[in-house]
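In the numbering used here, the protein residues as written are 1 to 270.
One structure is given below, encoded as structure tokens.
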Ligand code: APR
């Protein structure tokens with residue numbers, strides 16, 4: 001299957017040439033026609049989804065004070081055992097962005113899809129809860145929630161992000177409630193996500209590099225099963241050549257355009 005790849009350049013920038021505006025409109029129309037036939041849609045999101053809410057991606061966050069660190073120094077259970085304060089400081093720095101962030105127009109458009117499609121499931125790798133804040137009600141958060149803590153020794157439950165002592169084991173082991181590199185994902189959540197993707201009539205992939213497994217494997221399922229998917233990302237990913245439609249734009253620009261077109265298209269059919 002050849003992707004309909006429309007290279008729109010930076011059409012999201014102000015002062016677009018007329019030809020770019022037409023190309024952009026054509027891409028949004030194609031996405032809308034593809035989606036308006038779908039009964040159930042899974043939206044799979046990554047860090048790019050929240051970029052326009054002011055939240056840097058993990059890699060972007062490794063700058064300034066943190067530029068000499070690598071993920072193994074900051075986002076693994078071993079790093080936390082070695083130097084809990086350093087890891088907590090890094091996560092406090094990241095939490096500040098999340099506390100200030102509000103859902104962007106892309107998150108709101110995804111939430112609005114619930115009034116258009118019979119079923120919309122959001123599967124996200126993001127830990128900022130902005131999909132829920134936007135009003136999405138069916139969110140599978142594969143990588144946890146950054147603002148709460150959990151015990152690095154495996155005690156059950158989550159605790160407020162300000163606590164450091166685990167109320168169950170009494171050790172100073174509370175850490176951010178996120179999945180770190182090398183850690184397994186919650187098998188039940190991952191199973192639910194796989195089933196949802198397998199049963200979906202269309203998949204929307206937004207703002208993920210497709211580099212981190214097992215989450216990225218959800219798109220592989222769509223490819224294997226021939227489930228059509230649309231990708232929104234200013235840069236190509238390993239998935240792009242398999243997409244039915246690759247839209248080189250950002251989440252907050254493309255999603256509202258596409259969702260409003262789908263709404264109009266479905267309304268016209270009724
Ligand atoms: N809109 C859409 N996509 C964007 C935007 C935007 N405004 N800005 C950047 N992107 C794209 C980038 O081109 C890139 O492909 O978002 C992607 C971000 O990639 P990653 O930083 O690798 O994020 P993600 O795929 O979510 O990473 C998965 O890795 O960092 C860990 O645990 C963390 O959940 C994360 C996981």
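In this text, a Cβ means the ideal position worked out from N, Cα and C, and glycines have one as well.
These numbers were taken from a predicted model, which means no experiment stands behind them.
Given that a residue counts as buried once 16 or more other Cβ atoms are within 10 Å of its Cβ, and exposed if not, what is residue i?
| i | result |
| --- | --- |
| residue 150 | buried |
| residue 211 | exposed |
| residue 125 | buried |
| residue 91 | buried |
| residue 257 | buried |
| residue 78 | exposed |
| residue 60 | exposed |
| residue 108 | buried |
| residue 94 | buried |
| residue 81 | exposed |
| residue 227 | buried |
The ligand APR and residue i: does any heavy atom of the ligand fall closer than 6 Å to the residue's C-beta?
| i | result |
| --- | --- |
| residue 192 | no |
| residue 122 | no |
| residue 212 | yes |
| residue 51 | yes |
| residue 251 | yes |
| residue 235 | yes |
| residue 242 | no |
| residue 143 | yes |
| residue 209 | yes |
| residue 21 | no |
| residue 105 | no |
| residue 59 | yes |
Please list, in chain order, all residues of the same chain as residue i whose beta carbon is under 8 Å from its beta carbon, the five residues on each side excluded.
| i | result |
| --- | --- |
| residue 99 | 147 |
| residue 174 | 149, 150, 151, 152, 159, 163, 164, 165 and 166 |
| residue 41 | 35, 113, 117, 119, 120, 121, 200, 201, 202, 203 and 204 |
Can you list, in chain order, the residues of its chain whose CB lies under 6 Å from that of residue i, leaving out five sequence neighbours each side?
| i | result |
| --- | --- |
| residue 39 | 118 and 201 |
| residue 12 | Any reading at residue 12 is ruled out, since the residue's pLDDT is 47, under 50, leaving its predicted position unreliable. |
| residue 155 | 166, 168 and 169 |
| residue 286 | Because the chain in this structure spans residues 1 to 270, residue 286 falls outside the shown range and cannot be described. |
Counting only the same chain and skipping the five closest in sequence on each side, list residues whose C-beta sits under 7 Å from that of residue i.
| i | result |
| --- | --- |
| residue 239 | 205, 210, 219 and 231 |
At which residue ranges does the region 147 to 212 contain complete beta strand (DSSP E) runs of 3 or more residues, listed in the order of the chain? 174 to 178 and 202 to 206
Query - Complete runs of the beta strand (DSSP E) confined to the region 120 to 146 [at least 3 residues] - result: 139 to 141
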